[in-house]
Structures are given as C-alpha cells and as structure tokens.
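Novice:
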Amino acid sequence: MLDAIDRALLKTVAELEELPKGAYNIRKNGKLLDRHVSANINIETNEDETGIIVKIKPGTKNESVHIPVILSQAGLYDVVQNAFVIGDDAEVTIIAGCGIHCGSSEPEGHAGIHEFKVGKNAKVTYVEKHYASGEGTGRRSLNPTTKVFLAEGARAEMELTQIGGVDDTHRVNEAVLGPNSLLLITERVLTDGEQTAVSTNDIVMKGRGSRANMISRSVMKGNSKQTFYATIDAQNQCYGHIECDAIIMDNGTNETMPSLKAGHPDAELTHEASIGKIANDQLTKLMSLGLTYDQAVNRIIQGFLK
Amino acid sequence: MLELQKVYFTVQDTEGSDGGPRNIIDGIDYVFEDGKFYVITGPNGSGKTTLAKLIMGVNPLSGGKILFNGQNISALTITQRAKEGIAYSFQQPARFKGITFRDLLTIATGIEEEPRLLEILGRVGICPLSFLDKEVDARLSGGEIKKIELATTIAANPKLAIYDEPDTGIDLWTIGPMVSLLKKELAENRTTTIVVSHNKAFLEAADVVMIINSGRIVYDGDLEGAMPLLDDLSVCTYRNSCEGERDAGCYR
Numbered sequence: 001m002l003d004a005i006d007r008a009l010l011k012t013v014a015e016l017e018e019l020p021k022g023a024y025n026i027r028k029n030g031k032l033l034d035r036h037v038s039a040n041i042n043i044e045t046n047e048d049e050t051g052i053i054v055k056i057k058p059g060t061k062n063e064s065v066h067i068p069v070i071l072s073q074a075g076l077y078d079v080v081q082n083a084f085v086i087g088d089d090a091e092v093t094i095i096a097g098c099g100i101h102c103g104s105s106e107p108e109g110h111a112g113i114h115e116f117k118v119g120k121n122a123k124v125t126y127v128e129k130h131y132a133s134g135e136g137t138g139r140r141s142l143n144p145t146t147k148v149f150l151a152e153g154a155r156a157e158m159e160l161t162q163i164g165g166v167d168d169t170h171r172v173n174e175a176v177l178g179p180n181s182l183l184l185i186t187e188r189v190l191t192d193g194e195q196t197a198v199s200t201n202d203i204v205m206k207g208r209g210s211r212a213n214m215i216s217r218s219v220m221k222g223n224s225k226q227t228f229y230a231t232i233d234a235q236n237q238c239y240g241h242i243e244c245d246a247i248i249m250d251n252g253t254n255e256t257m258p259s260l261k262a263g264h265p266d267a268e269l270t271h272e273a274s275i276g277k278i279a280n281d282q283l284t285k286l287m288s289l290g291l292t293y294d295q296a297v298n299r300i301i302q303g304f305l306k
Numbered sequence: 001m002l003e004l005q006k007v008y009f010t011v012q013d014t015e016g017s018d019g020g021p022r023n024i025i026d027g028i029d030y031v032f033e034d035g036k037f038y039v040i041t042g043p044n045g046s047g048k049t050t051l052a053k054l055i056m057g058v059n060p061l062s063g064g065k066i067l068f069n070g071q072n073i074s075a076l077t078i079t080q081r082a083k084e085g086i087a088y089s090f091q092q093p094a095r096f097k098g099i100t101f102r103d104l105l106t107i108a109t110g111i112e113e114e115p116r117l118l119e120i121l122g123r124v125g126i127c128p129l130s131f132l133d134k135e136v137d138a139r140l141s142g143g144e145i146k147k148i149e150l151a152t153t154i155a156a157n158p159k160l161a162i163y164d165e166p167d168t169g170i171d172l173w174t175i176g177p178m179v180s181l182l183k184k185e186l187a188e189n190r191t192t193t194i195v196v197s198h199n200k201a202f203l204e205a206a207d208v209v210m211i212i213n214s215g216r217i218v219y220d221g222d223l224e225g226a227m228p229l230l231d232d233l234s235v236c237t238y239r240n241s242c243e244g245e246r247d248a249g250c251y252r
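Top line first, the protein sequences correspond to chains R and Z.
Residue numbers for the first sequence follow the working numbering, beginning at 1 and rising by one.
Residue numbers for the second sequence follow the working numbering, beginning at 1 and rising by one.
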C-alpha cells in the first residue's frame, strides 16, 4: 500500500517508518489512503467531502493523531479542509505534514486549511512539517492555513516547519484567544534558490489574561525571498510577544513586519525583530572549537531551525 | 612553545589627526615557555585582547611570525590552529539560538556519551546536569555563559589555552576556584596558560606577569617586580581625570 516514495515522504514529514499506532488519517494524491480511529479520537470525512473532522473526546489524555498528506501525482493541486474539535480538558498531539514528490515538469501543490476549536482547559500540540523533493522541474507549492479558536484556559502549541524544496508558499495563521488561554507558535522556514515564502499571522487577544508568543525563524539561501507579517491585536488585558529572526545567506532577501495593536489599557505587547548574516562571533567561536567555516555555518543554521 | 617574532597588527587610524596607519600591536618579540601560567595585563586599549586574538588567528597578522612548537602558524586558519591544540575563551562569548552547552561540548571534544560529558562537567566544576541542555542564548546570565566558555576551552584539552578576561561577569567568590581550576589543568596536563586579566587573584597566581602598553611589552616577570609599574600612572586610564585622589586600588 505504501511505496518507497510514500515511505520516504512519511518519514520526513511525520517521522513515521510504518503506520502509526493510535488514530491516523493518511491522504495520498487527494484521496484517503488509510484511516484508523481510537476510543477517544474519531475521524470522519466532512459533509461536502473536502476533508476530515477530527473529534477528541473531553478529558482524553496523552493521545496523538497523525494526519499526513503525500503527493506524487503530476499536475495535482490538492485542497483539503480539516476541522479539529478538541473537547474540554483533553490533552492531545496532532502531527500533520505534507510531503510532495515531484517527478515531472507539471506543478504539484497542496493547501491544507486546518481549523482548531480547542475546548476549555484543553491542551493541543500541533506539529506541521512541509517538505518537497523529487527530480522533476514542476513547481511545488504549499499553502497551509491554520485557524485556532481557544476557549477559556485552553492552550495551543504550534510548531510549523517548512524544511526545504518548496518553490512557493503562502502560510496563514489566525488565532482568537479566549480568557486565560495561551498560544505559542514557532514557525521555521528555510528557502533556497529562487523560492519564495510569505507568512501572514493574525492573533486576536480577545480574552482577559490571554497570552501569546509568536516566534519566527527564517533562513534565506540562494536568491530566495521571505516576507513575514505578524499582527497581535489586543482587545483585553493580555500579554503578547512577537520574536522574528531571519538569517540571510548568499543573496537572500527578507521583509519582516511585526505589528502590535493595543486596544486595551492593560495590554502588554512587545516585539523583537532581527535580520542579518550569521554573526561573526558565532562563526569564530565554533571555528575555535575545531569546525571549518562551512561546518560552523551548517551547525548554526541547524540550531537556529531546530 | 609559542614564539612571537616581530608581531604587528596595524589599522588605519580613524581617530588620529593624520588618518595614517597605527600599530595596535607594535613589533612584539616574545617566547612563551611550555607549561607556564602567564597573565597579560595593562591599561584598557593597550592591545591585550588584540594580541590574544592574533595568537588564535581571529585577527590576521600585519607583520611578523608566530611559531607554535616550532611550526610557523602565521597563515593557519582559526580551525587549523584549534586542531594544532590552541583554545580560546572569548571575553564576550557568542550566544546562539538553538545550540546547547551539550552541543558545544560535543563539538569541542567529539564526545557524545553522557557519562563522559558528566566527567567533563565534574572536571570544570559545573555540577548540575540540567546545565548541559541549556541553550547558550541571551537568556543565560553573564556568569553562566563565562563558565560555559571556560568549560568548552578546558574540555578541548588544548596544549595552549588563552582566556580573555575570564573573570568578568563572574561572582567574586567564584574567581578563587576558577584560578585553582586553571592551575590544576596546567599541573595535570601541562597546559600552557595565557590569561588576559586585571584581577589580583590571577596576577598572584601567575608564573609570569606581562604588562602591555601601547602595543608593546613593557614588563615581564614576577608580580612583585610588576607592582611599581601597576601602581604607576600609566596603567590607569582614568588617572588623569581623577588625579589619584580617589584611588580604588584597582589595577586598571
């Protein structure tokens, strides 16, 4: 059922060697390949058959759901709308990811629109990895969207990674935070060659006592270009922080636009942004420990995107 | 073991009136002997750090030669000098996002096994295991990062260890143990040690005190012989403004 290319893609985007234990839904070339549900986690196709609905029962603890998507069909642009309903007090890890293998000159792409409704005091960890490979020359695009709604006391940790091979991407992350909820987003994007990446992030702090931290790490190699927008809109007493760091290598370019809106007198908002080459003192230190210049560069980038 | 022959480091002077070349290191000749503890001191801006960086290859020589165990290392890169057995603790250590103390120790030693890393921690006097997985980033305190810097230098088992102001940011009661640690490394492994410092604890521990002023060695010998010079006006850069009325007894 899984061929060698499928296995390689699954291993890269979902760290899966074999079919996972617990609940999973594997989508290949726009169609369901395999699905498994568990006692606490249900997965079903949505009404208009554009994606899946994953329901996590209230109070579920320490369970995970894998929902990888793999594409290897020339000319296909696969759009999927997935919804996640996480019951009150549940704790769950969702591992998503999209791997594209492009073997021809036809373009291939995927847009995953993921909506999360996180119940009261529930905790979700969402890990999403994007990767493209293959000897073909067709453009590979990946345009993921996440929309997160956090109920009172809910917590979401999102790790969003694009590790290479994707020609263009427009990433959108939106979140609305309820009272005392917490949102942590870490986005890591590596581009090379002529690739472009745009990331747009809109975080609305609605609830009193809500907290958000958005971290972005970008590396631009070759002639690649990345644009990063992040807005925190504080409508209540809350704490929000944006940290965006970009490392430029070769002739890469970057635009970073953090934006803070305080619509409440007790909103506390901060941001830090930095763009530049790898710092000389970092290179010198690693070289003084015996690494060559190139090894030092690789080690620094590897850590930065870890 | 380390020989400096007519070593120069020259920059274009942007502050001076003529804009001409200025020697930060002004033709230093010196032989460092194997297994000795050297402390380089001198006023701010005298060239101490520049000299240390010339030895490590961080700054390129403008003139002269550096021999290390008889080999001319003047044209070697930092990496090659590290592989020859020279290690360097930076005055302001680099901070990294996503690189931990464990990573740095592994890079310095090639060792990944936990028990052997713990052995190194014991050797450098860092107790808690939790320290190993701390990221060497901006969240570390000045003291913590200096300890990590020192530890990576010692862990590399160098033949020549250079420490640029290892005591800055370190609490007073840690300086004594730090001096003992460097002395112990020297005694057990014959690590030739060069420390750039103004600190009395290091000066007292030195086999040889060197005073550098305006890019030249103006004294080398024991601390006693250095005292008149250290007490002298030339060593304190603020002496002109305070005119000696408020002598804090420091060696700056």
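Built from N, CA and C at the ideal position, the CB exists for glycine as well.
A quick note: this is a predicted structure, and the numbers were derived from the prediction, not measured.
Taking 7 Å as the CB-CB cut-off, is Thr45 of chain Z touching chain R?
Specialist: Your numbering for residue 45 of chain Z matches position 45 in the second sequence. Residue identity differs from the one stated: residue 45 of chain Z is Gly in this sequence, not Thr. Chain R contact via Cβ: absent.
Novice: Could you tell me whether the Cβ atoms of Ala138 of chain Z and Arg95 of chain Z are closer together than 7 Å?
Specialist: Along the second sequence, read from residue 1 onward, the residue named residue 138 of chain Z stands at position 138. Along the second sequence, read from residue 1 onward, the residue named residue 95 of chain Z stands at position 95. Yes. Within cutoff.
Novice: Nearest-angstrom Cα distance between Pro179 of chain R and Lys55 of chain R?
Specialist: In the first sequence, the residue the question calls residue 179 of chain R occupies position 179. In the first sequence, the residue the question calls residue 55 of chain R occupies position 55. Going from the Cα of Pro179 of chain R to the Cα of Lys55 of chain R covers about 23 Å.
Novice: Do we get a CB-CB distance below 7 Å when we pair Gln282 of chain R with the residues of chain Z?
Specialist: Sequence index remark: in the first sequence, residue 282 of chain R carries index 282 (1-based). By this cut-off, Gln282 of chain R is an interface position.
Novice: Classify Glu112 of chain Z as buried or exposed, calling it buried when 16 or more other Cβ atoms lie within 10 Å of its own Cβ.
Specialist: Position 112 of the second sequence, counting from 1, holds the residue named residue 112 of chain Z. When all chains shown are included, Glu112 of chain Z counts as exposed.
Novice: Quick check on Phe228 of chain R - is its C-beta less than 7 Å from some C-beta in chain Z?
Specialist: On the first sequence, residue 228 of chain R is found 228 positions in, with the first residue counted as 1. Judged by the 7 Å Cβ criterion, Phe228 of chain R is not in contact with chain Z.
Novice: Given that Phe116 of chain R touches chain Z, what residues does it touch there, using C-beta distances under 9 Å?
Specialist: Sequence index remark: in the first sequence, residue 116 of chain R carries index 116 (1-based). What Phe116 of chain R touches in chain Z: nothing, since even the nearest Cβ is about 26 Å away.
Novice: Nearest chain Z C-beta to Gly303 of chain R closer than 7 Å, yes or no?
Specialist: Against the first sequence, residue 303 of chain R aligns to sequence position 303. So, interface residue.
Novice: Find the residues of chain R that neighbour Ala75 of chain Z, judging by a C-beta separation of less than 8 Å, and give them in chain order.
Specialist: Walking along the second sequence from the start, residue 75 of chain Z turns up at place 75. Chain R residues near Ala75 of chain Z: none, gap ~15 Å exceeds 8 Å.
Novice: Which first and last residues belong to the beta strand (DSSP E) in which Met210 of chain Z is found?
Specialist: As a position in the second sequence, residue 210 of chain Z is number 210, starting the count at 1. That run of the beta strand (DSSP E) goes 208-213.
Novice: Who are the neighbours of Leu104 of chain Z on chain R, taking C-beta pairs under 9 Å?
Specialist: Against the second sequence, residue 104 of chain Z aligns to sequence position 104. Per Cβ cutoff of 9 Å: Lys285, Leu286, Leu289.
Novice: Distance cutoff 7 Å, beta carbons only. Does Leu55 of chain Z sit that close to anything in chain R?
Specialist: What you label residue 55 of chain Z is simply residue 55 of the second sequence in a count that begins at 1. The displayed chain sequence assigns Ile, not Leu, to residue 55 of chain Z. It does not: the Cβ of Ile55 of chain Z has no partner Cβ on chain R nearer than 7 Å.
Novice: Would you grab the beta carbon distance between Arg217 of chain R and Leu182 of chain R for me? Rounded to a whole angstrom, and I think it's under 8 Å.
Specialist: Here residue 217 of chain R refers to the residue found at position 217 of the first sequence. Here residue 182 of chain R refers to the residue found at position 182 of the first sequence. 20 Å between Cβ atoms; not a contact.
Novice: Run through chain Z and tell me which residues come within less than 7 Å of Asp48 of chain R, C-beta to C-beta.
Specialist: Your numbering for residue 48 of chain R matches position 48 in the first sequence. By Cβ distance, chain Z contributes nothing, its closest Cβ being about 42 Å from Asp48 of chain R, past 7 Å.
Novice: Between the Cα of Val172 of chain R and those of R:Ser274, R:Lys28, R:Glu159, R:Asn143, spot the shortest distance and give me the residue it belongs to.
Specialist: Start at 1 with the first residue of the first sequence, and residue 172 of chain R comes out as number 172. Of the listed residues, the one whose Cα sits closest to Val172 of chain R is R:Asn143.
Novice: Do Phe101 of chain Z and Val136 of chain Z have their CB atoms nearer than 7 Å?
Specialist: As a first step, residue 101 of chain Z must be located in the second sequence, where it is residue number 101. As a first step, residue 136 of chain Z must be located in the second sequence, where it is residue number 136. Yes, the Cβ-Cβ distance between Phe101 of chain Z and Val136 of chain Z is below 7 Å.
Novice: Measuring CA to CA, which of R:Ser38, R:Ser199, R:Thr196, R:Gly30 is closest to Thr50 of chain R?
Specialist: Taking the first residue of the first sequence as position 1, residue 50 of chain R is located at position 50. When each option's Cα is compared against that of Thr50 of chain R, the closest is R:Gly30.
Novice: Using a Cβ cut-off of 7 Å, pull out every chain R residue sitting near Ala156 of chain Z, in sequence order please.
Specialist: Here residue 156 of chain Z refers to the residue found at position 156 when the second sequence is read from its first residue. Going along chain R in sequence order, the residues near Ala156 of chain Z (Cβ under 7 Å) are Leu289.
Novice: How would you list, in chain order, the residues of chain Z whose beta-carbon sits under 9 Å from the beta-carbon of Lys307 of chain R?
Specialist: A question about residue 307 of chain R goes unanswered here, because the residues of chain R that appear run from 1 up to 306.
Novice: Going by other Cβ atoms of all chains shown within 10 Å of its Cβ, with 16 needed for buried, is Gln282 of chain R buried or exposed?
Specialist: Within the first sequence, numbered from 1, the residue matching residue 282 of chain R stands at position 282. Classification of Gln282 of chain R: buried, given that the 10 Å Cβ count is 16 or more.
Novice: So with CB distances below 8 Å, who are the chain R contacts of Tyr163 of chain Z?
Specialist: Counted from its first residue, the second sequence places residue 163 of chain Z at position 163. Neighbours of Tyr163 of chain Z on chain R: none; closest Cβ ~12 Å, over 8 Å.
Novice: Find the nearest neighbour of Ser105 of chain R within the set R:Ser72, R:Ser210, R:Glu15, R:Asn223, judged by alpha-carbon distance.
Specialist: Within the first sequence, the letter at position 105 stands for residue 105 of chain R. Ranking the options by Cα distance to Ser105 of chain R, first place goes to R:Ser72.
Novice: Is it right to say Tyr126 of chain R is buried, meaning 16 or more other beta carbons lie within 10 angstroms of its own, or is it exposed?
Specialist: As a working mapping, residue 126 of chain R is identified with position 126 in the first sequence. It counts as buried.
Novice: Between the C-alpha atoms of Val235 of chain Z and Phe37 of chain Z, what's the straight-line distance to the nearest angstrom?
Specialist: Against the second sequence, residue 235 of chain Z aligns to sequence position 235. Against the second sequence, residue 37 of chain Z aligns to sequence position 37. Residue placement at Val235 of chain Z is poorly supported in this model, since its pLDDT is 48, which falls under 50; the coordinates still yield a value, given next. Straight-line Cα distance between these residues: approximately 21 Å.
Novice: Here's the rule I'm using: 16 or more other beta-carbon atoms within 10 Å means buried, otherwise exposed. How should Thr41 of chain Z be labelled?
Specialist: Residue 41 of chain Z sits at position 41 when you count from the first residue of the second sequence. Classification of Thr41 of chain Z: buried, given that the 10 Å Cβ count is 16 or more.
Novice: Shortest alpha-carbon distance to Thr10 of chain Z belongs to which of Z:Leu54, Z:Pro43, Z:Leu4, Z:Glu33?
Specialist: As a first step, residue 10 of chain Z must be located in the second sequence, where it is residue number 10. It is Z:Leu54.
Novice: Hey, which unbroken runs of the alpha helix (DSSP H) at 4 residues or more fall wholly within the segment 10-75 of chain R?
Specialist: Runs of the alpha helix (DSSP H) inside the segment 10-75 of chain R: none found.
Novice: Rounded to whole angstroms, how far is the Cβ of Gln81 of chain R from the Cβ of His130 of chain R, which I believe are closer than 8 Å?
Specialist: The residue labelled residue 81 of chain R in the question sits at position 81 within the first sequence. The residue labelled residue 130 of chain R in the question sits at position 130 within the first sequence. Rounded, the Cβ-Cβ distance is 17 Å, inconsistent with contact.
Novice: Rounded to the nearest angstrom, what separates His101 of chain R and Asp167 of chain R at their Cα positions?
Specialist: As a first step, residue 101 of chain R is located in the first sequence; it is residue number 101 there, counting from the start. As a first step, residue 167 of chain R is located in the first sequence; it is residue number 167 there, counting from the start. Each residue's Cα considered, the two are about 13 Å apart.
Novice: Extract the residue ranges of the beta strand (DSSP E) inside the segment 75-156 of chain Z, only unbroken runs of 3 or more that lie entirely within it.
Specialist: Taking only runs of at least 3 residues, the beta strand (DSSP E) segments lying wholly in the segment 75-156 of chain Z are 86-89.
Novice: In terms of residue numbering, what span does the beta strand (DSSP E) encompassing Gln226 of chain R cover?
Specialist: The residue given as residue 226 of chain R occupies position 226 in the first sequence. Residues 225-234.
Novice: For Ala279 of chain R, return the contacting residues in chain Z, with the cut-off set at a CB-CB distance below 8 Å.
Specialist: Locating residue 279 of chain R in the first sequence gives position 279, where the first residue counts as 1. Neighbours of Ala279 of chain R on chain Z, chain order: Ala94.
Novice: Can you confirm whether Thr292 of chain R, when its beta carbon is compared against all beta carbons of chain Z, has any partner nearer than 7 Å?
Specialist: Walking along the first sequence from the start, residue 292 of chain R turns up at place 292. Output row for Thr292 of chain R: interface = yes.
Novice: Could you tell me if Thr77 of chain Z is buried or exposed, where buried requires 16 or more neighbouring beta carbons within 10 angstroms of its beta carbon?
Specialist: As a first step, residue 77 of chain Z is located in the second sequence; it is residue number 77 there, counting from the start. The residue is exposed, with fewer than 16 neighbouring Cβ atoms inside 10 Å.
Novice: Quick one: which residues of the segment 230-258 of chain R get their C-beta closer than 8 Å to a C-beta of chain Z? List them in chain order.
Specialist: Those residues of the segment 230-258 of chain R that come within reach of chain Z (Cβ to Cβ, closer than 8 Å) are Asp245.
Novice: Just reading off the beta strand (DSSP E) that Gln162 of chain R is part of, what are its end residues?
Specialist: Indexing the first sequence from 1 puts residue 162 of chain R at position 162. 155-164 is the span of the beta strand (DSSP E), which, as asked, contains Gln162 of chain R.
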